[in-house]
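Chemist: Chains as they are written, first to last, in our numbering: chain Y, 15 to 245; chain A, 15 to 245; chain Z, 15 to 245; chain F, 15 to 245.
Each residue gets a CB set at the ideal place from its N, CA and C atoms; glycine is no exception.
Right, I'll just put the structure down here and ask away after.
Protein chains: 4
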Amino acid sequence: MHELLKEQCYRANMKLPALDLVIYTFGNVSVVDRENGIFAIKPSGVPYNDLQVDDMVILDFDNNILEGKMRPSSDTKTHAYLYETWETIGSISHTHSTYSVAWAQAQMDIPIFGTTHADHLTSDIPCTPPMRDELIEGDYEHNTGIQIMECFKDRQLDPAEVEMVLIGNHGPFTWGANAEKAVYNSKVLEELAKMAYLTVQINGKAPRLKDALINKHYQRKHGTGSYYGQK
Amino acid sequence: MHELLKEQCYRANMKLPALDLVIYTFGNVSVVDRENGIFAIKPSGVPYNDLQVDDMVILDFDNNILEGKMRPSSDTKTHAYLYETWETIGSISHTHSTYSVAWAQAQMDIPIFGTTHADHLTSDIPCTPPMRDELIEGDYEHNTGIQIMECFKDRQLDPAEVEMVLIGNHGPFTWGANAEKAVYNSKVLEELAKMAYLTVQINGKAPRLKDALINKHYQRKHGTGSYYGQK
Amino acid sequence: MHELLKEQCYRANMKLPALDLVIYTFGNVSVVDRENGIFAIKPSGVPYNDLQVDDMVILDFDNNILEGKMRPSSDTKTHAYLYETWETIGSISHTHSTYSVAWAQAQMDIPIFGTTHADHLTSDIPCTPPMRDELIEGDYEHNTGIQIMECFKDRQLDPAEVEMVLIGNHGPFTWGANAEKAVYNSKVLEELAKMAYLTVQINGKAPRLKDALINKHYQRKHGTGSYYGQK
Amino acid sequence: MHELLKEQCYRANMKLPALDLVIYTFGNVSVVDRENGIFAIKPSGVPYNDLQVDDMVILDFDNNILEGKMRPSSDTKTHAYLYETWETIGSISHTHSTYSVAWAQAQMDIPIFGTTHADHLTSDIPCTPPMRDELIEGDYEHNTGIQIMECFKDRQLDPAEVEMVLIGNHGPFTWGANAEKAVYNSKVLEELAKMAYLTVQINGKAPRLKDALINKHYQRKHGTGSYYGQK
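Structure below.
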C-alpha cells in the first residue's frame, strides 16, 4: 500500500544529503496524498545511508500512524499541522542547512537583496520570533506549526507564494506543490541565505531590492504574462 | 542546420554547473555566428541535467527565433543587444555565482587588489547602478543590454579588454572571443570576487593595486611584448 | 591479537579525511578496550592514504606500548589520561577541523545559539584557557588531559553529556561511547562551529538560545521521555 | 634526458588542481637537480588538463632553456633566483590559492595563532611589502626573487625553517627539500591562511600564540628530541 507515496518521499529525502543540505540524520521531507488525507515522512533519527523506501512512515493529519514499523520524524506534528492548515501544499522539507540556520540563529529575516531572490518570492524570507516558554513546554512540534501559520497571518504572506520560512533559533522549513519543488526550495533558500550573508558582510548598508525589480523578476517568472521557462 | 553552433553552445552551458557557477536552471550561455548574424542560446528554465544539444535556440539580433522548439532564455534580449553593439565578442555567459552576485547585491565595483585580477584586466570590475523604474517596466532585458553598454561608455572601458560586468542587484555577465573564453571569464570573475571579498574582510583599508603592478601583469600576458603563455 | 580493536581504530581514523576534518597527517582517533585496560591509537605522522590496520599502536593507560612497530600519536598521553579519568568514554577523536580550530584560536567558547546545538548538548562548547608555561614545558600531552579534566570540573560539566572540548589555541577533542560516536561528535562540532561563526557575523548581538528550547531539544533526544530516533 | 626530473615536476604540478589550490593555468611548481645545476618547471599558460610530462621545461639558474619546446612559466626567474640563493631547497611551488592570496592582497603577515601553525614554523608567515616601481618595470620576476630573499634577511628568517612567503598583492610561494614537501607547504599555508582568517573574524583581538606553545609544538616535531612522526 502507498508504495508510490513512500517512493516519492524516500527519493526526496535522499536528495537532502546529495544537495549538501544535511549531515547524518538531520532534516526530513514529507509528501502528502490529499485524496486520502495522509502523508509519508522520514523515520526519526535514521541516517540517510541506511534509509529504505519501506522505512517511510504513513500518518493521517491527526498524527495517527497508519503504516510503518518505525517512529516518524520528531518534527511530524509540524508537518501534519501545515498540511491541514494550508491545503495547497503537497510536500514539506526541513533541513539544518548551514547559512539558513545561521540567519535563524541570528533571529533575522533574510532581506531581499537581488533578483535571484525576486525570481522566487517578493518579500523578505520571514524568521519567526522566539516561541513562548509555555508553548515550547507544551505540544512543541504542533505549536511550531501554529507559529509558522501565525507568522504568515501577521505578515499577510501567502504560503502559495512564499514557500519558505526560518524557525527562529532552529532552521528552515520549505514546501511546494510536490516533493521536487519542496526540496528545490530548500536548496534555493540556502543559496539565497549565503548570497545575503556575503552581501551584508561586503556592505552593511546594502539597500533592499527596489520594488520595480522585485515585481519585474517575480512576474516574468510567475505572473500571468510570464515568459520564463517553457509553456 | 547550425549543428556546430548548437553543439558549442550546449557544451559551454554544461560547463556552468560543472564549474559550480549555477544550480538548477540558473544562468545561460550564448554563442554567436557572425557570418550569418545569428546566435544560439540556452532555452529558458530547463535544468542542466535535462538539456540536449537540440534544445538550443537559434535567433537573429532582432530576437526572431530561426530554429528551435523551445522558448529561449528570458535574458535573450540582453545577449542580442550586446552582440549587435560589440562586434568583437563571440560568446556571452551569464551566471548567478555566489560571490559575484554578492558584490552585485552590495552595489559595489570589485576593486583591483592583486595580480590575479591584473592578469585579466586593469580596472575595477564595474557594477552597473540601479536601473530607472520606467526602463525596468519597459523592455527590461533589452534595457539591461543598454545599461551595460552605457556603463562601459561612461567609464571609457573597452569590452575587448574588460570582459565582465556586474548588473547591480542581479549578477554577472561575461563574454569573450569564443564560448570557452566567455565561460572561463565567469569562473575567473567568481574567483576574483571571492578573493576581493576575503581581502576587505581581513583589511577594510586594503589599498588598490599600484599602477606599476597592474601594468606589468596585464602587459606580460596581453601586451605586445607578452611572455605569458605559448606563442 | 587485538585485531578487532585495531580494525575499529583504523576505520574510525579513515573517516576523518573522508569527512573533511583533517588533511595529510593531522588528527588521530583512539578506541579503548575497557576489559583489558588498553587502547589502540593512530601512529604518529602517517598520512591517512598510507595507513594500514596493523599500523595501529596498542598501549595501556600508563602509555606503555604493548603492540605495534610504530610510534603512537604524539597526543597519546592526552588520550590515556582521559580514558583513565573518565571511565564511561569508549573512544576519543582529535582533529584540526577549520572552524573548530578558529574558535580555539580565538580563545572563545562556542555559544549555544540554536537547536542543532541543543540536540547534542545543553551548554556552550568549552574552550580551555591557555596552559601555564611550566605545564607546557613539562609533560605537555599528559597536562593537556589534566587541563581538559579541570575545565570540566570547574564548569561542572559531565563528560557523558558534553562530549566535546576546544583546547585553546590548539583544536578540538571529542569522545563518545564508541568510535562511531566520537567521530560523529567531531563532525557535529565542526558544523556547530561553522553555524555559530556565521551567526555572530550576521548578528554580533545574537542571544543565547532560551532555556526552554535548550531543555526541550535536549530532552526530546536524550531525556527519559525521549521520542527522537528509534526505540 | 632528465626524464625523472620532468616526471617529478609533472606530478607535483598536477597536485595543485587536485588539492584545490589553482584553477585553469594558475600556479607552477619547479624541481631542482642540484648535481647538474638545473631545474624543471611547468610551461607557461598551459591548462593542467592538457599538461604532459614532456611539456616540462629544463633550465639552468641563468634561465637558459636546456630542454623543452615550450616557453617556461612566466615566474621562472623567481624560481631560478631562489634556487641559486638558497642552496638547501629542492622544489618551489607557487599557487593563487584563495585565502593565501587574500592575506597577500591585504598586505598583512599571517599571525601565528595556533599549534597547527607552530607545528610547521615558529614565526608569522611573512608578507613582502609592495615592490618599488623601478623594480617592477625592470627585471620583475628576478626582482621578485630578490624581494623574497631581502624580506627573509631583514626579518632574520631561515628559509630552511620558514618554507613559505606571501608576495604582497600577488600570492604565495612555498618550497621544501623535495617536490612533495613544497606542494605540501602550499596546502598547509592555505589551511593556515583560512584558519587565521576565521580567527580574526571571530575575535579581532585574538592574541598571538604564546612562546612556550610555539616552542613546544615546533620542537616536538622538528627539534633534536622530536617525537612526532616515525624515526
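(1) Gly152/F to Leu227/A, Cα distance in whole Å?
(2) Short check: CB of Leu35/F to CB of Ser88/F, under 7 Å?
(3) Are the Cβ atoms of Ser105/F and Val45/F separated by less than 7 Å?
(4) In chain order, which beta strand (DSSP E) runs of at least 3 residues are fully inside the stretch 58-116 of chain Y?
(5) Please state if the CB of Thr102/Y and the CB of Thr158/Y are separated by a distance shorter than 7 Å.
(6) For the beta strand (DSSP E) containing Pro186/Z, list its first residue and its last residue.
(7) In the stretch 151-188 of chain Z, which residue ranges form an unbroken beta strand (DSSP E) of at least 3 residues, counting only runs that do not cross its ends?
(8) In the DSSP output, what is Ser44/Y paired with across the bridge?
(9) Just to confirm the assignment, what range does the alpha helix (DSSP H) spanning Val202/Z have?
(10) Could you check how far apart the C-beta atoms of Ile55/A and Thr109/A are, in whole angstroms? I think they sit under 8 Å.
(11) Mind pulling the chain Y residues with CB within less than 7 Å of Arg234/Z?
(12) From the DSSP output, read off the bridge partner residues of Ile124/Z.
(13) For Arg234/F, is the classification buried or exposed, using 16 other Cβ atoms within 10 angstroms of its Cβ as the cut-off for buried?
(14) Could you check where the alpha helix (DSSP H) with His131/Z kicks off and where it finishes?
(15) Applying the criterion that 16 or more other CB atoms from any shown protein chain within 10 Å of the CB defines a buried residue, is Thr142/F buried or exposed?
(16) So what does DSSP say about His16/Y, is it helix, strand or coil?
(17) What number of angstroms, rounded off, separates the C-alpha of Pro186/F from the C-alpha of Phe127/A?
(18) Can you give me the Cβ contacts of Gln170/Z inside the same chain, cut-off strictly under 6 Å, excluding the 5 residues immediately before and after it?
(19) Is there a Cβ from chain Z that is less than 7 Å from the Cβ of Arg222/Y?
(20) Can a CB atom of chain F be found closer than 7 Å to the CB of Ala116/Z?
(21) Determine whether the Cβ of Gln121/A lies closer than 7 Å to any Cβ atom of chain F.
(22) Assign Thr238/A to one of two classes, buried (16 or more other C-beta atoms within 10 Å of its C-beta) or exposed (fewer than that).
(23) Quick check on Pro125/A - is its C-beta less than 7 Å from some C-beta in chain Y?
(24) Using a Cβ-based criterion (distance less than 6 Å to any ligand heavy atom), does Ala118/Y qualify as near the ligand PLP?
(25) Closer than 8 Å by beta-carbon distance: list the chain F residues that pair up with Ser137/Z, in chain order.
(26) At the level of alpha carbons, what is the spacing between Met209/F and Ile216/Z?
(27) Counting beta carbon pairs with one atom in the stretch 158-168 of chain Y and one in the stretch 66-73 of chain Y, are three or more of them shorter than 8 Å?
(28) Could you tell me the alpha carbon to alpha carbon distance between Leu223/Y and Asn183/A, rounded to whole angstroms?
(29) What residue from Lys219/F, Ala191/F, Val43/F, Asn229/F has the CA that sits closest to Trp100/F's CA?
(30) Determine whether the Cβ of Ala226/F lies closer than 7 Å to any Cβ atom of chain Z.
(31) At the level of alpha carbons, what is the spacing between Glu17/A and Glu204/A?
(32) Taking beta-carbon pairs under 9 Å, can you tell me which members of the stretch 56-86 of chain A lie near chain Y?
(33) With DSSP as the reference, label Leu149/F as helix, strand or coil.
(34) Considering just the uninterrupted stretch of the alpha helix (DSSP H) at Leu227/Y, what are its terminal residues?
(35) Do you know offhand how far Asn42/Z's Cα is from Asn27/Z's?
Modeler: Short version:
(1) 11 Å
(2) no
(3) yes
(4) 71-74, 79-81, 105-108
(5) no
(6) 185-190
(7) 178-181
(8) Ile55/Y, Ile106/Y
(9) 193-216
(10) Not quite, the Cβ-Cβ distance comes to about 14 Å (not below 8 Å), so this is no contact.
(11) Ser88
(12) Ile139/Z
(13) buried
(14) 129-132
(15) buried
(16) coil
(17) 15 Å
(18) none
(19) no
(20) yes
(21) no
(22) exposed
(23) no
(24) Within the structure as shown, the ligand PLP is missing, as the structure has no ligands at all.
(25) Under the 8 Å cutoff, chain F gives no residues; its nearest Cβ is about 19 Å from Ser137/Z.
(26) 19 Å
(27) no
(28) 7 Å
(29) Ala191/F
(30) yes
(31) 31 Å
(32) Pro57, Ser58, Gly59, Val60, Met84, Arg85
(33) helix
(34) 225-236
(35) 6 Å
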